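In order, the protein sequence lines correspond to chains A and B. The numbering of the first sequence is our numbering, which starts it at 70 and goes up by one. The numbering of the second sequence is our numbering, which starts it at 3 and goes up by one. Working notes, structure below.
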Amino acid sequence: MTDISCGHCLHPSPSRFWNQEQGARCLVCGSKVRVVTFPAIERAQAGALPEALGEESEASCFYHPRSRAAVPCAECGRFLCRLCDLEVGGRHVCPACFETGGPAPAPRNLETRRTMYDTVALALATLPALLIWPALLTGPVTLFLIFRWWHKPGSIVPRTRIRFYLAALFGLVQTGGVGFLIWLVAVRGSR
Amino acid sequence: MESIYRRLTGRKRTLLGYSQLWLAPDHILLVKSTRFAENYQRFALADIQAITVTETPLGGCRCHLHTAVSRELLAPVASARAARDFLAAIGPAIAAAQGSLSAPEPSA
Numbered sequence: 070m071t072d073i074s075c076g077h078c079l080h081p082s083p084s085r086f087w088n089q090e091q092g093a094r095c096l097v098c099g100s101k102v103r104v105v106t107f108p109a110i111e112r113a114q115a116g117a118l119p120e121a122l123g124e125e126s127e128a129s130c131f132y133h134p135r136s137r138a139a140v141p142c143a144e145c146g147r148f149l150c151r152l153c154d155l156e157v158g159g160r161h162v163c164p165a166c167f168e169t170g171g172p173a174p175a176p177r178n179l180e181t182r183r184t185m186y187d188t189v190a191l192a193l194a195t196l197p198a199l200l201i202w203p204a205l206l207t208g209p210v211t212l213f214l215i216f217r218w219w220h221k222p223g224s225i226v227p228r229t230r231i232r233f234y235l236a237a238l239f240g241l242v243q244t245g246g247v248g249f250l251i252w253l254v255a256v257r258g259s260r
Numbered sequence: 003m004e005s006i007y008r009r010l011t012g013r014k015r016t017l018l019g020y021s022q023l024w025l026a027p028d029h030i031l032l033v034k035s036t037r038f039a040e041n042y043q044r045f046a047l048a049d050i051q052a053i054t055v056t057e058t059p060l061g062g063c064r065c066h067l068h069t070a071v072s073r074e075l076l077a078p079v080a081s082a083r084a085a086r087d088f089l090a091a092i093g094p095a096i097a098a099a100q101g102s103l104s105a106p107e108p109s110a
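In structure tokens form, the structure reads like this:
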């Protein structure tokens, strides 16, 4: 268990101070600390140990050939002993698939990072426009990227598509503006 | 598709991004955004051992979440009111996840 400690000076908080509605003063720095504990703090933290192979014919762990396989990895199918078995959201995965997301796209509850394509598109549509000339290029590029990224997964948490719509609007305006300028220059040049 | 996440806190903004807490049926999600990307940390409700709220000198607070193997600063919980609302929201969820075990009583 990690030390339950003061958030200011990291001095361990004695258990007699836990679960007091008004909190208690830290014995070292005097900061008021409220500690709320939950039943898991009492749970035994013994990890599961792998079982040794009984017979040669038994399936063994991919990572520990002398340990009995307990479960296959839901991502790559490798046999895993109890030591290598990581249960995430009811699925059993091996450490390698847990780290990389596995051969298949990472399950939603394993993802640790997502790119916000709508924000990228919106920044591309607005920031270069301040300098006018880059907009010659970024307007059409924004429209292309919105088309390309429209179905990419966005944030895991609720988030509207307003940035995509705004980026498309700015991209269209820029592209239209550039087109109009080119037409204007062409018409004047022909006179 | 309806999201499984319910907002727990507002956004704690920094110069380059923000962080925010969300509640799912079986875990708390800490989102750390750099605007162009989001990084996610999940804390299973069944694994949460304690929450500490430490008052800071200027009326704010610092909230930490403890599990058996980690101690994580919850930056979005930065005021006494936010801490109170946060604890009120996650208390029942953690109780439901850890239900059968009894919480330790404060000793005299």
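The C-beta atom is built at its ideal place from N, Cα and C for all residues, glycine as well. Quantities reported herein were computed from a predicted structural model and do not represent experimental measurements.
How many angstroms separate the CA atom of Ser224 of chain A from the CA atom of Gln43 of chain B? Across the structure, Ser224 of chain A and Gln43 of chain B are spaced so that their CA atoms are roughly 14 Å apart.
Output needed in chain order: residues of the stretch 40-52 of chain B with a Cβ under 8 Å from some Cβ in chain A. The stretch 40-52 of chain B vs chain A, Cβ under 8 Å: Glu40, Asn41, Tyr42, Gln43, Arg44, Ala48, Asp49, Ile50, Gln51, Ala52.
Please work out which residues of its chain come closer than 8 Å, Cβ to Cβ, to Ser81 of chain B, disregarding the five sequence neighbours upstream and downstream, and give them in chain order. Within the same chain, Ser81 of chain B has close Cβ partners Gly61, Gly62, Cys63.
When you compare only the Cα positions, how much space is there between Thr11 of chain B and Cys166 of chain A? One C-alpha to the other measures close to 31 Å.
Taking the alpha carbon of Leu214 of chain A as the point to measure from, which residue in A:Ser129, A:His80, A:Thr188, A:Thr106 has its own alpha carbon closest? Just measuring C-alpha positions, the residue of A:Ser129, A:His80, A:Thr188, A:Thr106 sitting nearest Leu214 of chain A is A:Thr188.
Could you pull out every residue in the same chain whose Cβ sits closer than 7 Å to the Cβ of Ala138 of chain A, ignoring the five residues on either side in sequence? For Ala138 of chain A, same chain residues with a beta-carbon under 7 Å away, outside a window of 5 residues either side, are Ala128, Ser129, Cys130, Phe148, Leu149, Cys150 in chain order.
At which residues does the beta strand (DSSP E) containing Val104 of chain A begin and terminate? Where Val104 of chain A is concerned, the enclosing beta strand (DSSP E) stretches over 101-106.
What are the uninterrupted segments assigned as beta strand (DSSP E) that are 3 or more residues long and contained completely in the stretch 8-41 of chain B, given in chain order? At a cut-off of 3 residues, the continuous stretches assigned as beta strand (DSSP E) that sit fully inside the stretch 8-41 of chain B are 20-25, 29-35.
Would you list the residues sitting across from Glu124 of chain A in a DSSP beta bridge? Note: Glu124 of chain A is not bridge-paired with any residue in the DSSP secondary-structure output.
Using a Cβ-Cβ cut-off of less than 9 Å, list which residues of the stretch 67-93 of chain B approach chain A; keep chain order. Within the stretch 67-93 of chain B, the residues whose Cβ lies closer than 9 Å to some Cβ of chain A are His68, Thr69, Ala70, Val71, Ser72, Arg73, Leu75, Ala85, Leu89, Gly93, listed in chain order.
Got a sec: is the Cβ-Cβ distance from Lys101 of chain A to anything in chain B below 9 Å? So, interface residue.
With 7 Å as the C-beta to C-beta threshold (strictly closer), list the residues of the stretch 4-15 of chain B near chain A in chain order. Hits within the stretch, in order: Ser5, Tyr7.
Leu31 of chain B: contacting residues in chain A (beta-carbon distance under 9 Å): Among the residues of chain A, those whose CB is under 9 Å from the CB of Leu31 of chain B are Ile225, Val226, following chain order.
Inspect the beta-carbon positions of Ile6 of chain B and Phe107 of chain A and report whether they are closer than 9 Å. For Ile6 of chain B and Phe107 of chain A, no; Cβs fall outside 9 Å.
Between Ser35 of chain B and Pro222 of chain A, what straight-line distance do the alpha-carbon atoms span, to the nearest angstrom? One Cα belongs to Ser35 of chain B, the other to Pro222 of chain A, and the distance between them is close to 16 Å.
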